[in-house]
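Student: For the sequence shown, the residue numbers in the working numbering are 29 to 197.
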Amino acid sequence: MNHNLSKIIFLVILIMTFGSCKKINTSQVIEYNNQIVNDQKLILQYESKLYNAIYDNANIDTLKSILKEYQLIIDSINSKYQNPFKIEDTMRKVALSLFDAYKSIAYNEYPYLISLIDSANKGAIIDSDEIMKILVTIDSTEQTANMSYIDLQQYIVNKYKIDLINSTK
């Protein structure tokens with residue numbers, strides 16, 4: 029009798045354990061990824077707007093205004109990712125790292141670049157080496173962050189065996 033009771037208890041524990049294991053919903057993982065990619069696209073649209081304004085020699089007030097919009101968008105998007113995802117929180121963490129890279133650029137490199145342009149507009153000699161250094165820093169920082177996110181996407185695809193061809197909408 030004790031032997032049968034212990035078998036039943038073991039079986040109940042086993043069933044409860046397996047029953048509590050949730051199957052990962054790959055559509056949820058894909059949805060998280062799409063949300064992150066859409067937010068990155070929005071950030072890049074604002075960055076492109078700023079970059080084009082710089083390239084087109086927009087006045088300093090316009091550049092500062094566009095920079096402020098860019099910073100607000102990044103801050104807003106960053107705040108969306110403060111709470112853990114229900115599934116695969118690694119995605120959120122790497123996305124935050126990606127968005128933090130954009131934020132660092134928006135609050136450091138672009139204001140410095142705009143200040144150099146402003147100084148040149150006021151008669152200072154343009155330091156083209158410094159401007160190139162800033163542009164290279166922006167490019168390398170973004171590229172490193174983007175590659176980290178692309179690596180994560182590949183990891184997620186492999187981990188959950190997501191069929192990219194059949195999972196697109």
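Backbone N, C-alpha and C define an ideal beta-carbon position, used for all residues, glycine too.
Output the distance between the C-alpha atoms of Cys-49 and Lys-114, rounded to the nearest integer angstrom.
Tutor: Counted from its first residue, the sequence shown places residue 49 at position 21. Counted from its first residue, the sequence shown places residue 114 at position 86. Bear in mind that the predicted position of Cys-49 carries a pLDDT of just 45, short of 50, making it too unreliable to give a figure here.
Student: In its own chain, which residues sit with a C-beta less than 8 Å from the C-beta of Asn-106, not counting the 5 before and 5 after it?
Tutor: Here residue 106 corresponds to residue number 78 of the sequence shown, with the count starting at 1. Only Leu-124, Phe-127, Asp-128, Lys-131 meet the Cβ criterion.
Student: For Ile-142 versus Ile-88, is the C-beta distance shorter than 8 Å?
Tutor: The residue given as residue 142 occupies position 114 in the sequence shown. The residue given as residue 88 occupies position 60 in the sequence shown. Yes. Within cutoff.
Student: Our contact map puts Leu-91 next to Ile-82 with C-beta atoms below 8 Å; I'd like the distance itself, whole angstroms only.
Tutor: As a working mapping, residue 91 is identified with position 63 in the sequence shown. As a working mapping, residue 82 is identified with position 54 in the sequence shown. Right, the Cβ-Cβ distance comes to about 6 Å (below 8 Å), so this counts as a contact.
Student: Can you round the beta-carbon distance between Leu-180 and Met-119 to whole angstroms, since I take them to be within the 8 Å contact cut?
Tutor: The residue given as residue 180 occupies position 152 in the sequence shown. The residue given as residue 119 occupies position 91 in the sequence shown. The pair is a contact, with the Cβ atoms about 6 Å apart (cut-off 8 Å).
Student: Can you find at least 3 beta carbon pairs, one from the segment 180-191 and one from the segment 51-66, that sit closer than 8 Å?
Tutor: Output reads yes: the segment 51-66 touches the segment 180-191.
Student: Would you mind working out which of Glu-170, Ala-134, Gln-171, Tyr-138 sits nearest Ile-159, comparing C-alpha positions?
Tutor: What you label residue 159 is simply residue 131 of the sequence shown in a count that begins at 1. Closest option to Ile-159, Cα to Cα, is Tyr-138.
Student: Roughly how many angstroms separate the alpha carbons of Lys-96 and Asp-157, rounded to a whole number?
Tutor: In the sequence shown, residue 96 corresponds to position 68, counting from 1. In the sequence shown, residue 157 corresponds to position 129, counting from 1. Rounded to whole angstroms, Lys-96 to Asp-157 spans 26 Å at the Cα level.
Student: Which same chain residues, not among the five before or five after Tyr-140, have their C-beta less than 8 Å away from its C-beta?
Tutor: For the purposes of this step, residue 140 is identified with residue 112 of the sequence shown, where counting begins at 1. Cβ neighbours of Tyr-140 beyond the five flanking positions: Ile-162.
Student: If you run the structure through DSSP and keep just helix, strand and coil, what is Phe-113?
Tutor: Walking along the sequence shown from the start, residue 113 turns up at place 85. In this structure, Phe-113 counts as coil in the three-state DSSP scheme.
Student: Under DSSP, the alpha helix (DSSP H) around Asp-191 begins and ends at which residues?
Tutor: As a position in the sequence shown, residue 191 is number 163, starting the count at 1. Element bounds for Asp-191: n/a, residue is neither H nor E.
Student: Kindly give me the distance between the Cβ atoms of Glu-116 and Tyr-60, rounded to whole angstroms, as I take these residues to be in contact under 8 Å.
Tutor: Counting from one through the sequence shown, the residue named residue 116 turns up at place 88. Counting from one through the sequence shown, the residue named residue 60 turns up at place 32. So it is a contact: roughly 7 Å between Cβ atoms.
Student: Going along the chain, which unbroken runs of the alpha helix (DSSP H) with 4 or more residues stay wholly within the segment 49-101?
Tutor: Counting whole runs of 4 or more residues, the segment 49-101 contains the alpha helix (DSSP H) stretches 54-83.
Student: Considering only residues of the same chain and omitting the five flanking positions on each side of Ile-145, which have a CB-CB separation below 6 Å?
Tutor: For the purposes of this step, residue 145 is taken as residue 117 along the sequence shown, with counting starting at 1. There are no such residues.
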